[in-house]
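A.B. asks: Have a look at this one before I ask anything.
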Amino acid sequence: MNTDTKPVKPEIGIDRSVGDFRYDVDYEYDAGIGLSEKTIEYISNVKDDPDWVRRFRLAAYRKFQDMPMPTHWASDDLENIVFDNIRYYLSQGTEAKRSWDDVPEAMKKTFERLGIPEQERKFLAGVEAQFDSEAAYSNIKAAVGEQGVIFVGSGEGLAKHPEIFRKWFGKVIPTGDNKFSALNSAVFSGGSFIYVPPGVKVTHPLQAYFRINAENFGQFERTLIIADEGSEVMYMEGCTAPKFETATLHSAVVELVAMKGAKIQYVTVQNWSANIFNLVTKRGLAHEEAEIKWIDCNIGSRLTMKYPGVIMKGRKARGEVISIALASDGQHQDTGAKMIHAADETTSNIVSKSISVGTGRSTYRGLVHVPKHLKGCKNNTECDALLINSHSRTDTYPAISVRGQGNACQHEASVSQISEEQIFYMQQRGISKAAAMSLSVNGFVNDLVQQFPMEYSVELKRLIELEMEGSVG
Amino acid sequence: MSLAIQNLHANIGDKEILKGLNLEIPKGEVHAIMGKNGSGKSTLAKIMAGHPAYEVTAGDVQLDGTTLLGIEPDVRSRMGLFLAFQYPMEIPGVTIANFLRAAQQARLVEGEELEAVAYYKDLYAKMDALKIDRAFTSRSVNEGFSGGEKKRCEILQMAMLNPSYAVLDETDSGLDIDALKIVSDGVNALRGPDRGFLVITHYQRLLDYIVPDVVHVMVDGRIVMSGDKDLALKLEAEGYDWVEKETAVAA
C-alpha cells in the first residue's frame, strides 16, 4: 500500500518535504518494541554474529544500563527518550543488493524519490543506501573496486574482512565513551565499512544515505573507515526521515582511522525531520602526517548532540572540523568539536557557525587538549553565531587546555544578528523579506559552504532558503 | 506621471516628524530638498521607501498615481522607487554581484532565470563608468568600504535597477571632491525624461554638479519654500534663518 502523505516537488534537492513521505514495508525481521538481552540476542541471530561480537554487544548493553543520562551537562530533553517504546531492529534481510533492480520495490522507490541512484550515476564512486536497520543497496564503481577499495555495509565488513575490521572496531571510540555509544555498541546494525589500500586516492566521493522509514524506530548504524598509508578518500552521508508524531532515535557511531600520510574527509549533510533525537559519536584517529577533516552540516532534528573529534596521535597530524548548524523553531543543535593533540607539531582547526531562528537554540561545545610535554602544536578555533529574532538562544562552551611551551592556541567567537536595517536595505532593492533573510544566512555561512563538494553546496543553499522562507511566514 | 506626496504626517513613536508635507516630482525632473539637520529630510526618504519604524498618520505618497502606503518595501522597489541610503548597510558574506543578481532576479516573472552573461556584461560596464574596480564584484556588500566606495556602490545599484524615481539621501556626505564628481556624473548619466530624482542634501555643493530643476526648503517636517537653483545658492550664502523668519511671518 502506498501511503504518500503529500505531493512533493521533484525538482528540489533535499528539502524537508522531499523526505516527508513513506511507503509501507513488510519487515521480515523485527526485534519488537523495547530493549533487553533478548533483543540483542535476536539481532545477533539475524546477523549471524561471531561470538566476539555477541560478547561485545552484551557487555555494551550492561554498560548502557549502568551509565546515567548525561543531563548534568546536556539538555533535559534527553529524559523524553523512552527506550522501552523504541524498535531496535527492522529489516527485510541482511544482504545489501548490488543492483537497484534487485532492491525491494518500496525501498527502491524511496531512494529514487530521494535522488540517490541519479547522484550515483552523476558523481559518486560508490553508494550505500540504508533503509531502517540494514543497507538495501551497496555498490562501488568497478574501477574503484579494482584498486582494492572495500566499501560495504558494516555487517558484511565484519563477516568478510574480519582481519581489518576487528583490529580497529571500537578502538577509536570505546563502548563506554558515552551512554549512546554504549547503546549503539549493543544494537548496532548497518553503516559503512571502508578500507582504502596504501597509496590509493579515491577521486570521487563514496556516499551513504541513511533513511528512517518506520515510526518509533531507532537507527544505530556503525561506520568504520580505514585509510591506509598515503591514501585519500572522501565519504559523504545524507539522511532523512518522514515526519512522525512520536520521537524517533538516531544514534550512530563513526570511527575513522587515517594511517601515515592518509587523508580522510567526512561530509555530513543531515536533514532530519523535527522529531528525531540525533545523538551521534564521531571520532577519527590520525597517525603521522595524516589528515582528518569533518565537514558537518546539521539541519533539522529535535535535538542533535554531536561533537566530531580527531585524536592526533602521530607527529604533524592534522585535524579539522568545519560545522554549520541551523536550529529552527523548537529545535536544539548542540554541536561542536573535540581536538586531542597527542604528538608534537600537530595542528587542529575548528570553524563552527550556527544559526538560531525563532525558538531554535544552538550550543557550541568545544574541547581542545594539548598536554604539557608536547611541542609545536597549534589550534585555531572560531565560532560564530547568528541570531534571527529575539527568542533565539545561543551558548558557547569552549574548553581549551593548552599546556607546555611552544604550543599556540587561538580562539575567536562572535554573535551577530540580522538587523531590521539590513533587511530594510535589501528589501529596498526589491528583494523579499524571506529572500533577504536567506541571502543573509547564506552569506553568513558562505565561506564554509564553499568547502562542501559542489553538488552538496548547491543543495545546502537551497535547503537554507527553504528553511528561511518557512521561518519568516 | 509623478512621485507625489500629499499632506504627509508621520511619527516615530509618539513624536511627529512630518507635519503635512506636500511635494510633487514629475518624471524627467530633478528636485532637491535642502534643510537643516533634524528638519525631517532623511525621515521623508525612509517613509517613502516603507521603513517599518515609522507610522504614517495622514496623507499619501503616490507613484504614478498608485499609493505606496501599506505596501512592502520590496514591492515599492519593484514598482520603480529607489533610495540611495545616507548610511548603506553592510551585508557580510553577500557579494555585490550576488546581491544585485538577486535584486534583478526578483524583477523577473516566476520561473524566468536571469541571463548570467548579459548580466555580468552590464554590471562590468556600469562599474567601469563609476570607476569601481571589477574586483569589487566579489566583495561583500559595503563591508569594509570607504565612505566614497559605499556611495559609488549605491549609484551602481541605482544604475543596475533602473528605477523610475530615485531618492538620493545625503549622497554627498563623506565624499571628497573627486568622489563627488564621479557620483554626480553617475547620476547625471541617468537623468532623462523617464526618470525623476529627489536629491536630499545639507550642502549646496552637490547641486553645482547635479543641477536641480527645483529646490525645496524643508523646515520642521514641511516644505516651506520652493524655487529654482538660485535658492540653493542663497541658502548657502545666508543660511536658513531668513527662511524661518519669512515663513514664520507668513504662518
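Residue numbers (this note's numbering), protein chains in the order written: chain A, 626 to 1098; chain B, 24 to 274.
All C-beta atoms in this analysis are idealised placements derived from N, C-alpha and C, irrespective of residue type, glycine included.
Residues in the same chain with beta-carbon distance under 6 angstroms from A/V671, minus the five sequence neighbours each way, listed in chain order, please.
C.D. replies: Closer than 6 angstroms at Cβ, skipping near neighbours: Y654.
A.B. asks: Check whether the Cβ atoms of A/W1125 and A/A866 sit closer than 9 angstroms, and answer yes or no.
C.D. replies: Given a span of 626 to 1098 for chain A in the structure shown, any question on residue 1125 of chain A remains unanswerable.
A.B. asks: Per DSSP, what are the beta-bridge partners of A/V1138 in this structure?
C.D. replies: Since the first residue shown for chain A is 626 and the last is 1098, residue 1138 of chain A is missing from the structure and cannot be characterised.
A.B. asks: Per DSSP, which one or two residues make a beta bridge with A/P1023?
C.D. replies: For A/P1023, which the question treats as bridged, DSSP gives the partners A/G991.
A.B. asks: Relative to the C-alpha of A/G740, which residue among A/S1041, A/G644 and A/M692 is closest?
C.D. replies: Ranking the options by Cα distance to A/G740, first place goes to A/G644.
A.B. asks: Within 9 angstroms of any Cβ in chain A, is that where the Cβ of B/L86 sits?
C.D. replies: Not an interface residue.
A.B. asks: Under 9 angstroms between C-beta atoms, does A/F1116 make it to chain B?
C.D. replies: Shown here, chain A extends from 626 to 1098; a query on residue 1116 of chain A therefore has no answer.
A.B. asks: How about the region 998-1009 of chain A and the region 962-972 of chain A: do they share at least three Cβ pairs that are nearer than 8 angstroms?
C.D. replies: Enough Cβ pairs lie closer than 8 angstroms, so yes.
A.B. asks: Can you list, in chain order, the stretches of the alpha helix (DSSP H) that have 4 or more residues and sit fully within the region 772-860 of chain A?
C.D. replies: You should have 779-785, 787-793 and 804-812.
A.B. asks: Excluding sequence positions up to five away, which residues of its chain have a Cβ less than 8 angstroms from the Cβ of A/D709?
C.D. replies: The answer, listed in chain order, is I658, G659 and L660.
A.B. asks: My guess is that B/S207 and B/Y232 are in contact by the Cβ rule of under 8 angstroms, so how many angstroms apart are they, rounded?
C.D. replies: Sure, about 3 angstroms apart at Cβ, within 8 angstroms.
A.B. asks: By the 7 angstroms beta-carbon criterion, what residues does the region 191-222 of chain B contribute toward chain A?
C.D. replies: If the cut-off is 7 angstroms between Cβ atoms, the region 191-222 of chain B has nothing near chain A.
A.B. asks: Any beta-carbon of chain A closer than 9 angstroms to the one on B/S65?
C.D. replies: Chain A, which has no Cβ nearer than 9 angstroms to the Cβ of B/S65, makes this no.
A.B. asks: How close, in whole Å, do the beta carbons of B/S187 and B/G103 come, if the pair is a contact with beta carbons under 8 angstroms?
C.D. replies: B/S187 to B/G103, Cβ: 4 angstroms. Contact.
A.B. asks: Can we say the region 807-817 of chain A touches the region 679-698 of chain A, given the rule of at least three CB pairs closer than 8 angstroms?
C.D. replies: Yes, they touch.
A.B. asks: At a CB-CB cut-off below 7 angstroms, which residues of chain B make contact with A/Q1053?
C.D. replies: Residues of chain B passing the Cβ test: A72, P96, S100 and L106.
A.B. asks: Where do the ends of the beta strand (DSSP E) carrying A/T893 lie?
C.D. replies: Looking at the DSSP string, the run of the beta strand (DSSP E) that includes A/T893 is K888 to W897.
A.B. asks: Just reading off the alpha helix (DSSP H) that B/R175 is part of, what are its end residues?
C.D. replies: B/R175 -> alpha helix (DSSP H) spans G170 to L184.
A.B. asks: Determine, for A/F571, whether the minimum Cβ-Cβ distance to residues of chain B falls below 9 angstroms.
C.D. replies: Because chain A spans 626 through 1098 in this model, residue 571 of chain A falls outside it and cannot be assessed.
A.B. asks: So the candidates are A/T848, A/E854, A/L928 and A/H957; which of them puts its Cα closest to the Cα of A/E781?
C.D. replies: Closest by alpha carbon: A/T848.
A.B. asks: Quick check on this structure: which residue in A/D1009, A/K938 and A/N841 has the alpha carbon closest to the alpha carbon of A/D1020?
C.D. replies: When only C-alpha atoms are compared, the closest one is A/D1009.
A.B. asks: Helix, strand or coil: which one does DSSP assign to A/I949?
C.D. replies: A/I949: strand per DSSP, three-state reduction.
A.B. asks: According to a CB-to-CB cut-off of less than 9 angstroms, which residues of the region 106-129 of chain B neighbour chain A?
C.D. replies: Of all residues in the region 106-129 of chain B, L106, F108, Y110, P111, M112, E113, I114, P115, G116, V117, T118, N121, F122, L123, A125, A126, Q127, Q128 and A129 have a Cβ within less than 9 angstroms of some Cβ in chain A.
A.B. asks: If you draw a straight line from the C-alpha of A/Q958 to the C-alpha of B/I205, how long is it?
C.D. replies: Cα to Cα, A/Q958 sits roughly 49 angstroms from B/I205.
A.B. asks: For A/P693 and A/P1023, I'd like the C-alpha separation in whole angstroms.
C.D. replies: Between A/P693 and A/P1023, the C-alpha separation is close to 24 angstroms.
A.B. asks: Looking only at its own chain, which residues have a Cβ that is under 8 angstroms from the Cβ of B/H54, when we skip the five neighbours before and after it?
C.D. replies: Excluding residues within five positions, the ones whose Cβ falls inside 8 angstroms are L46, I48, G219, F220, L221, V222, P235, D236, V237, V238 and H239.
A.B. asks: Within 10 Å of its beta-carbon, does A/G1055 have 16 or more other beta-carbons around it, so buried, or fewer, so exposed?
C.D. replies: Buried, by the Cβ-count rule.
A.B. asks: For the alpha helix (DSSP H) that contains A/I665, what are its first and last residues?
C.D. replies: Segment E662 to K672, the alpha helix (DSSP H) holding A/I665.
A.B. asks: Going by beta carbon distance, what residues of the same chain come within less than 8 angstroms of B/I40, once the five residues before and after it are set aside?
C.D. replies: A33, N34, G63, T66, Y77 and G244.
A.B. asks: Can you tell me which of A/T960, A/V1083, A/S716 and A/I1089 puts its alpha carbon nearest to the alpha carbon of A/E846?
C.D. replies: Cα-wise, what sits closest to A/E846 is A/S716.
A.B. asks: With B/N60 as the anchor, note down where its beta strand (DSSP E) starts and where it stops.
C.D. replies: Run containing B/N60: none; DSSP gives neither H nor E here.
A.B. asks: May I have the straight-line CA-CA distance separating A/E1090 from A/L1064, to the nearest angstrom?
C.D. replies: Rounded to the nearest angstrom, the two C-alpha atoms are 8 angstroms apart.
A.B. asks: For A/V878, write down the residues that DSSP places opposite it in a beta bridge.
C.D. replies: DSSP lists A/R847 and A/T906 as partners of A/V878.
A.B. asks: For the alpha helix (DSSP H) containing A/L1073, list its first residue and its last residue.
C.D. replies: Residues K1058 to V1074.
A.B. asks: Who are the near neighbours of B/I70 in its chain, counting only those whose CB is closer than 8 angstroms to its CB and skipping five residues on each side?
C.D. replies: Same-chain partners within the cutoff: L31, A33, L41, Y77, V79 and V84.
A.B. asks: Okay, do the region 740-756 of chain A and the region 941-954 of chain A touch, 3+ Cβ pairs below 8 angstroms being the bar?
C.D. replies: No, the region 740-756 of chain A is not in contact with the region 941-954 of chain A.
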